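Each remark here refers to the structure printed beneath this line.
Protein chains in written order, with the working numbering: chain H, 774 to 885; chain R, 83 to 199.
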C-alpha cells in the first residue's frame with residue numbers, strides 16, 4: 774500500500790513562479806526523500822531530510838518536514854521550464870527494511 | 083564514475099515467456115533495490131539486496147518473480163510465464179549503507195520498460 778499521498782496531483786505554473794508540493798505519510802519514518810522523474814524513466818535524487826531535521830535547502834529547493842503532522846513540502850523557487858517533471862516523495866520506514874515507499878507523485882508543468 | 087545501468091532498456095515479449103532484467107549498480111554500493119512502476123501507478127518496492135542476500139522480498143508480487151545477486155554486484159530480476167499485468171517500467175537502485183538501519187540515498191538506473199503482449 775502507498776505510504777505517501779502527494780498534493781496536488783498536477784500543478785501548472787508560469788516560469789519564474791514558485792512551486793510547492795506536499796507529501797503526507799502514515800507511519801514513523803527514518804528519513805524522507807524527494808525525487809524527480811522525467812519522461813517516466815529514471816529517478817533523480819533531489820534531497821534527503823532526516824526525521825530529526827525540520828528544514829533543508831539545496832540550491833532553489835527547500836524541503837520542510839513536520840513529523841508531528843507526518844507531512845513534508847518541497848518548494849522550488851524561481852521555476853524554470855527545465856523543472857517540468859514528476860516529483861515524488863519517498864519515505865524510509867523504521868523497522869530495518871531498507872525500501873523506500875513512494876507517493877503517487879505530482880506532475881509539475883512550467884509554462885514559458 | 084558510471085551510474086546505475088540497466089539492460090535491456092526496452093523489452094517486448096509474448097505472454098507466457100520468461101524474461102530476465104539486468105542491473106549493474108554503482109561500483110562499491112552494497113545495497114541494491116528493485117522497484118516497479120506501472121502505468122498510472124506509483125513506484126512499488128519489489129526486493130532489496132544487502133550484499134548477495136535478500137533480507138526483504140516482501141514486494142515480489144508472485145512466485146513468478148525472482149531475483150538474484152552474485153558477487154555483491156550485478157543483479158538479475160527474472161519473471162517467469164509473463165502476464166500482461168507485468169507490463170511496467172522496472173527500476174533498479176543502489177546505495178552504500180554506512181549505518182545499521184538507515185537508508186542512505188538511493189541512485190536509480192534508467193529502467194527497463196517491459197511490454198507483455
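Every residue gets a Cβ at the ideal spot worked out from N, C-alpha and C, and that includes glycine.
Bear in mind that the values here come from a model prediction, so they are computed numbers and not experimental data.
Unbroken beta strand (DSSP E) run spanning residue i, endpoints
i             : result
residue 779/H : 778-780
residue 107/R : Segment: none, residue 107/R is in no beta strand (DSSP E) and carries neither H nor E.
residue 138/R : 135-138
residue 158/R : 157-161
residue 148/R : 147-151
residue 821/H : 816-823
Sub-8 angstroms separation of residue i and residue j beta-carbons
i             : j             : result
residue 120/R : residue 170/R : yes
residue 829/H : residue 799/H : no
residue 856/H : residue 849/H : yes
residue 198/R : residue 158/R : no
residue 823/H : residue 837/H : no
residue 153/R : residue 88/R  : no
residue 194/R : residue 90/R  : yes
residue 873/H : residue 882/H : no
Interface partners of residue i on chain R, CB under 9 angstroms
i             : result
residue 829/H : The contacting residues do not exist; residue 829/H stays about 13 angstroms from chain R at best.
Reduced DSSP secondary structure (H/G/I, E/B, other) of residue i
i             : result
residue 774/H : Because the pLDDT at residue 774/H is just 39, under 50, the model does not fix this residue reliably, and the point stays unresolved.
residue 851/H : coil
residue 810/H : strand
residue 167/R : helix
residue 868/H : Because the pLDDT at residue 868/H is just 49, under 50, the model does not fix this residue reliably, and the point stays unresolved.
Chain H residues whose Cβ lies nearer than 8 angstroms to that of residue i
i             : result
residue 187/R : 806, 818, 821
Chain-ordered chain H contacts of residue i [CB-CB under 9 angstroms]
i             : result
residue 101/R : Within 9 angstroms Cβ-Cβ: nothing; residue 101/R doesn't reach chain H, min ~18 angstroms.
residue 141/R : 872
Per-residue contacts from residue i into chain R (C-beta, under 8 angstroms)
i             : result
residue 832/H : Those within 8 angstroms of residue 832/H in chain R number zero; the least Cβ separation is about 16 angstroms.
Bridge partner(s) assigned by DSSP for residue i
i             : result
residue 882/H : 785/H
residue 877/H : Paired residue(s): none; residue 877/H is not in a bridge.
residue 84/R  : Its beta-bridge partners do not exist; DSSP assigns none.
residue 829/H : 836/H
residue 795/H : 780/H, 846/H
residue 119/R : 125/R, 171/R
Residue i: contacting residues in chain R (beta-carbon distance under 7 angstroms)
i             : result
residue 877/H : 124
Residue i: CB within 7 angstroms of a non-hydrogen atom of the ligand ADP
i             : result
residue 198/R : The ligand ADP is not among the ligands present in this structure, which contains no ligands whatsoever.
Residue i: contacting residues in chain H (beta-carbon distance under 7 angstroms)
i             : result
residue 190/R : 815, 816
residue 193/R : 814, 815
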